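Colleague: So that you can map any letter, position 6 of the first sequence is 228 in this note's numbering, and since no number is skipped, the others follow by simple counting. Glycine included, each C-beta is placed from N, C-alpha and C at the ideal position. None of these values were measured; they are calculated from a predicted model. Okay, handing you the structure first.
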Amino acid sequence: MKTSQLLIPTLRDDPGEAETVSHRLMLRAGLIRKVAAGIYTYLPLGLRVLRKIEQIIREEMNRAGAQELLMPIASPAELWKETARWDYYGKELLRFKDRHEREFCLGPTHEEVITDLFRREVRSYRQLPLNFYQIQTKFRDEIRPRFGLMRGREFIMKDAYSFDIDEVGAKISYQKMYDAYTRIFTRCGLTFRAVEADTGLIGGDVSHEFMVLADTGEATVAYSDQGSYAANLERAEVLSPTDMDAASLMPLTPVSTPQRRTVEEVTAFLQITPRQLVKTLLYRAGDETVAVLIRGDHEVNEVKLARLLKVTDVVLADPETVQHVTGAPPGFAGPVGLRHIRILADHAIKGMKNIVIGANKSDTHYQNANLDRDFAVEQFADLRNAQAGDSSPRGPGVLTLAKGIEVGQVFLLGTKYSHKMNAAVLDDQGKERLAIMGCYGIGVGRTAAAAIEQHHDEKGIIWPFPIAPFHVHLLTVSQSQKTTEAAARLYTDLMDAGFEVLWDDRADRAGVKFNDADLIGAPFQIVIGDKGLADGIVEVKIRRSGIKSRIAPDDLVAHLGKLSTEADPSAA
RNA sequence: CGGGGCGUAGCGCAGCCCGGUAGCGCGCCUGCUUUGGGAGCAGGAUGUCGGAGGUUCAAAUCCUCUCGCCCCGACCA
Numbered sequence: 223m224k225t226s227q228l229l230i231p232t233l234r235d236d237p238g239e240a241e242t243v244s245h246r247l248m249l250r251a252g253l254i255r256k257v258a259a260g261i262y263t264y265l266p267l268g269l270r271v272l273r274k275i276e277q278i279i280r281e282e283m284n285r286a287g288a289q290e291l292l293m294p295i296a297s298p299a300e301l302w303k304e305t306a307r308w309d310y311y312g313k314e315l316l317r318f319k320d321r322h323e324r325e326f327c328l329g330p331t332h333e334e335v336i337t338d339l340f341r342r343e344v345r346s347y348r349q350l351p352l353n354f355y356q357i358q359t360k361f362r363d364e365i366r367p368r369f370g371l372m373r374g375r376e377f378i379m380k381d382a383y384s385f386d387i388d389e390v391g392a393k394i395s396y397q398k399m400y401d402a403y404t405r406i407f408t409r410c411g412l413t414f415r416a417v418e419a420d421t422g423l424i425g426g427d428v429s430h431e432f433m434v435l436a437d438t439g440e441a442t443v444a445y446s447d448q449g450s451y452a453a454n455l456e457r458a459e460v461l462s463p464t465d466m467d468a469a470s471l472m473p474l475t476p477v478s479t480p481q482r483r484t485v486e487e488v489t490a491f492l493q494i495t496p497r498q499l500v501k502t503l504l505y506r507a508g509d510e511t512v513a514v515l516i517r518g519d520h521e522v523n524e525v526k527l528a529r530l531l532k533v534t535d536v537v538l539a540d541p542e543t544v545q546h547v548t549g550a551p552p553g554f555a556g557p558v559g560l561r562h563i564r565i566l567a568d569h570a571i572k573g574m575k576n577i578v579i580g581a582n583k584s585d586t587h588y589q590n591a592n593l594d595r596d597f598a599v600e601q602f603a604d605l606r607n608a609q610a611g612d613s614s615p616r617g618p619g620v621l622t623l624a625k626g627i628e629v630g631q632v633f634l635l636g637t638k639y640s641h642k643m644n645a646a647v648l649d650d651q652g653k654e655r656l657a658i659m660g661c662y663g664i665g666v667g668r669t670a671a672a673a674i675e676q677h678h679d680e681k682g683i684i685w686p687f688p689i690a691p692f693h694v695h696l697l698t699v700s701q702s703q704k705t706t707e708a709a710a711r712l713y714t715d716l717m718d719a720g721f722e723v724l725w726d727d728r729a730d731r732a733g734v735k736f737n738d739a740d741l742i743g744a745p746f747q748i749v750i751g752d753k754g755l756a757d758g759i760v761e762v763k764i765r766r767s768g769i770k771s772r773i774a775p776d777d778l779v780a781h782l783g784k785l786s787t788e789a790d791p792s793a794a
């Protein structure tokens, strides 16, 4: 295509609204424009990238035996009430009424709709396994959309749903999707890692997230430096420590700690390290308030805590509750003499002796508090975030932490939805059996954003070949008839050879074109001008390396064919 | 929802404290020159100063309310 016929509104300045690299570059390179918070128009260039990613997804999903269909964006409340998610999903579910006052929502995901289809249309185990997928616009009314396509409210998602007659089959379906995802993100040119993930509210037993490693990621990944273990920090297990502090017990002593509330303040005041202090945090879990003991240098993992308490979420108690329960303002809570609420503790507390802890009295802590002698713990559990240097919970090595962008997630759902919606088929005994389900999502726009996060420089985007909006950016740096004719010939030849070519045929100066080309990030740039043609050559620049070579126009197609094979081995 | 910040031309911003009828750079349009890393000269167009109300002779500027947006947090299948 010719630049003169495409809307590619590149920006010279960084837009004020964008902070992260991918958001900034998507706006600057003319890929997207914002319509409202978290809602974007995909401009021609941006849409081409999304279509490339979608095509890779289609090929791999089809290869894995999934079949494409398309469900509606609007779905009726009744389906959501069947699974109780109409109430459960909260404000993220955008609801509305039609002219007949019937309730609808915009689909944030499609378990209900697909399960409804399945129960209506599928009768026999002989039809299984089945895997349906779609690539479609989703709407989630996020509390805080951010970073452009990274976390939008309206976004394009590939979602797939598998149905099997038994657990064994479901695991095979799951593994197929896991493998397909690995191929998809590899083909997209991403450096990623599949990590064990929390199943959250969607439920189920097993889940993996596909994380693109990038500093701007919102998630934290913990992985073994030697073994294969990798997990979302929300999920990463921490082994129970085996070592016990051998010190002899010292007498419990109150100590005045005026205005010292935080770990930093108390440890500095008492000249101790955070490892000798135990934080007592009060959490609200449903109707209950619980106390959680955690070592001073550790952080509570609220996902683990919620799972232990069998609630959907926990929230730190407000100061009034703390005052009411402990008799002291926040900053001085402790387990000694704490009545009427459950006291839970992280495993690390078990081995500690002579600890510093709040005294449930304003401006006071205890020194030398000891488990059993001074306070009791109802239950010990893994309640903290893993830290760098912790032993890998499975396999060799110690954990390292890194930031990641979640581009995909796979879930083994079990019968969570088929049970509530009674999606069953007859088995080989003629007996009804609930389908065992799995669900599998990929954020298409987020994948594009993640690719930019991993592939850019100070000049702009450096697209991996398979998802580039164009393979070749043809730049004419002279308006002469000679150059224009030579460019027109190459333009046709390259397209005939199967390349997607963007010809910058604008009358602008060379510098403008070079800068836009670097910004837009096609893998290869071809510069045609009178100077080069006089020498019988055109210039080929590889965007990623910046390496330029002088090639005779007749050799160009073959030369680029070689370069592109190197750039995308999977396409061969 | 809590904290911080911003809404002035298509984009990036100044002006606001101290009220006097709106400006800079880029972009855009016209002409001439120029044309291999964001050209030069000349001329030109573009604003409900986010919105509403108030104070005032006079409001982009002061006051009140409100809407939108960004960042941090909380939240996030």
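1) Which term fits Ala794, buried or exposed, when burial requires 16 or more other beta carbons within 10 angstroms of its beta carbon?
2) Using the DSSP secondary-structure output, state which residues sit across from Gly580 in a beta bridge.
3) Is it buried or exposed for Ile254, if we count other Cβ within 10 angstroms and need 16 for buried?
4) Go through the stretch 459 to 489 residue by residue and report every complete run of the beta strand (DSSP E) that reaches 3 residues or more, in order.
5) Suppose the cutoff is 6 angstroms on Cβ atoms and the five residues either side in sequence are ignored; what does the same chain contact list for Ala719 look like?
6) Three or more C-beta pairs under 8 angstroms: does that hold for the stretch 601 to 618 against the stretch 515 to 535?
7) Measuring CB to CB, does Met659 end up less than 8 angstroms from Ser384?
8) Taking only runs that begin and end inside the stretch 313 to 340, name each unbroken beta strand (DSSP E) of 3 or more residues, in chain order.
9) Nearest-angstrom Cα distance between Lys583 and Pro541?
10) Closest to Arg341 by C-alpha separation, out of Lys642, Trp725, Leu755, Lys784, would be which residue?
11) Considering Gly733, what are the terminal residues of the alpha helix (DSSP H) in which it resides?
12) For the beta strand (DSSP E) holding Met394, just list the boundary residues, first then last.
13) By the 10 Å Cβ neighbour count, where 16 or more other Cβ atoms means buried, how is Glu323 classified, buried or exposed?
14) Report the residue from Gln227, Thr706, Met399 whose alpha carbon sits nearest the alpha carbon of Leu755.
15) Which term fits Asp226, buried or exposed, when burial requires 16 or more other beta carbons within 10 angstroms of its beta carbon?
16) For Met293, collect the residues of the same chain with a Cβ closer than 6 angstroms to its Cβ; drop the 5 residues on either side in sequence, then sort them by chain order.
17) Are the CB atoms of Met399 and Val632 within a distance shorter than 8 angstroms?
18) Within 10 Å of its beta-carbon, does Val723 have 16 or more other beta-carbons around it, so buried, or fewer, so exposed?
19) Alpha carbon to alpha carbon, what distance is there between Ile742 and Arg375?
20) With respect to the beta strand (DSSP E) encompassing Tyr713, which residues constitute its N-terminal and C-terminal limits?
21) Taking buried to mean at least 16 other C-beta atoms within 10 Å of its own C-beta, is Asn284 buried or exposed?
22) What separation, rounded to the nearest whole angstrom, lies between the Cα atoms of Gly553 and Val500?
23) Give me, in chain order, the residues of the same chain whose beta-carbon lies closer than 8 angstroms to that of Lys319; leave out the 5 immediate sequence neighbours on both sides.
24) Give me, in chain order, the residues of the same chain whose beta-carbon lies closer than 6 angstroms to that of Arg564; leave out the 5 immediate sequence neighbours on both sides.
25) Name the two residues that bound the continuous alpha helix (DSSP H) containing Asp309.
26) Per DSSP, which one or two residues make a beta bridge with Pro298?
27) Suppose only complete runs of 3+ residues qualify. What are the beta strand (DSSP E) ranges in the stretch 516 to 600, listed by chain order?
28) Keeping to the same chain, check which residues put their C-beta closer than 8 angstroms to that of Ala729; ignore five residues upstream and five downstream.
29) Taking the CB atoms as reference points, tell me whether Ala444 and Ala458 lie closer together than 8 angstroms.
30) Taking contact to mean 3 or more Cβ pairs, one atom from each stretch, closer than 8 angstroms, check whether the stretch 471 to 481 and the stretch 636 to 650 are in contact.
31) Tell me the rounded alpha-carbon separation between Arg772 and Asp726.
32) How would you call Glu801, buried or exposed, if buried means at least 16 neighbouring beta carbons within 10 angstroms?
33) With three or more beta-carbon pairs closer than 8 angstroms as the criterion, would you say the stretch 544 to 553 touches the stretch 602 to 621?
34) How is the beta strand (DSSP E) around Gln631 delimited, first residue to last?
Modeller: Reading from the atomic positions:
1) Along the first sequence, one-based indexing puts residue 794 at 572. Low confidence applies here, because Ala794 scores a pLDDT of 47, under 50, leaving its location unreliable; read the following figure in that light. Per the 10 Å Cβ criterion, exposed.
2) Position 358 of the first sequence holds residue 580. According to DSSP, Gly580 bridges with His587.
3) Indexing the first sequence from 1 puts residue 254 at position 32. Residue environment for Ile254: buried (at least 16 other C-beta atoms within 10 angstroms of its C-beta).
4) Segments of the beta strand (DSSP E) lying fully in the stretch 459 to 489: 475 to 478.
5) For the purposes of this step, residue 719 is taken as the residue at position 497 of the first sequence. Excluding residues within five positions, the ones whose Cβ falls inside 6 angstroms are Val779.
6) yes
7) Translated into positions along the first sequence, residue 659 becomes position 437. Translated into positions along the first sequence, residue 384 becomes position 162. Taking 8 angstroms as the Cβ cut-off, Met659 and Ser384 qualify as a contacting pair.
8) 317 to 319, 325 to 328
9) As a first step, residue 583 is located in the first sequence; it is residue number 361 there, counting from the start. As a first step, residue 541 is located in the first sequence; it is residue number 319 there, counting from the start. One C-alpha to the other measures close to 14 angstroms.
10) As a first step, residue 341 must be located in the first sequence, where it is residue number 119. Of the listed residues, the one whose Cα sits closest to Arg341 is Lys642.
11) Residue numbering aside, residue 733 sits at position 511 when the first sequence is read from its first letter. Residues 732 to 742.
12) As a working mapping, residue 394 is identified with position 172 in the first sequence. For the sequence presented, residue 394 should be read as Ile rather than Met. Premise fails: Ile394 lies in the alpha helix (DSSP H), 389 to 409, not in any beta strand (DSSP E).
13) The sequence position of residue 323 within the first sequence is 101, counting from 1. That one is exposed.
14) As a working mapping, residue 755 is identified with position 533 in the first sequence. Of the listed residues, the one whose Cα sits closest to Leu755 is Thr706.
15) Stepping through the first sequence from its first residue, residue 226 is reached at position 4. The sequence given here places Ser at residue 226; Asp does not occur at that position. With fewer than 16 other Cβ atoms within 10 Å, it is exposed.
16) Position 71 of the first sequence, counted from the first residue, corresponds to residue 293. Same-chain partners within the cutoff: His332, Val335, Gln356.
17) Start at 1 with the first residue of the first sequence, and residue 632 comes out as number 410. Start at 1 with the first residue of the first sequence, and residue 399 comes out as number 177. Yes, these two residues count as a Cβ contact at 8 angstroms.
18) Reading the first sequence from its first residue, position 501 is the one you call residue 723. Counting Cβ neighbours within 10 Å, Val723 comes out buried, since at least 16 surround it.
19) Numbered from its first residue, the first sequence carries residue 375 at position 153. Numbered from its first residue, the first sequence carries residue 742 at position 520. In a straight line, the C-alpha of Arg375 is about 25 angstroms away from that of Ile742.
20) Indexing the first sequence from 1 puts residue 713 at position 491. Unbroken run through Tyr713 is the alpha helix (DSSP H), 703 to 718; no beta strand (DSSP E).
21) In the first sequence, residue 284 corresponds to position 62, counting from 1. Result: exposed.
22) Along the first sequence, read from residue 1 onward, the residue named residue 553 stands at position 331. Along the first sequence, read from residue 1 onward, the residue named residue 500 stands at position 278. In a straight line, the C-alpha of Gly553 is about 12 angstroms away from that of Val500.
23) Sequence index remark: in the first sequence, residue 319 carries index 97 (1-based). Excluding positions up to five away in sequence, the list reads Glu325, Phe326.
24) Numbered from 1 along the first sequence, position 342 holds the residue referred to as residue 564. In the same chain as Arg564, and ignoring 5 residues on each side of it, the C-beta atoms closer than 6 angstroms to its own belong to Val512, Glu600, in chain order.
25) As a first step, residue 309 is located in the first sequence; it is residue number 87 there, counting from the start. Start and end: 307 to 310.
26) Counting from 1 along the first sequence, the entry for residue 298 is found at position 76. Partner residues in the beta bridge of Pro298, as assigned by DSSP, are Phe326.
27) Complete beta strand (DSSP E) runs here, min 3: 564 to 568, 577 to 580, 586 to 591.
28) Stepping through the first sequence from its first residue, residue 729 is reached at position 507. Excluding residues within five positions, the ones whose Cβ falls inside 8 angstroms are Gln701.
29) Looking up residue 444 in the first sequence gives position 222. Looking up residue 458 in the first sequence gives position 236. Remark: C-beta atoms of Ala444 and Ala458 approach each other more closely than 8 angstroms.
30) no
31) Locating residue 772 in the first sequence gives position 550, where the first residue counts as 1. Locating residue 726 in the first sequence gives position 504, where the first residue counts as 1. So the alpha carbons of these two residues sit roughly 19 angstroms apart.
32) The shown model of the chain, from 223 to 794, leaves out residue 801, and the question about it has no answer.
33) no
34) Mapped onto the first sequence, residue 631 falls at position 409. Taken as a continuous stretch (DSSP letters only), the beta strand (DSSP E) holding Gln631 covers 621 to 636.
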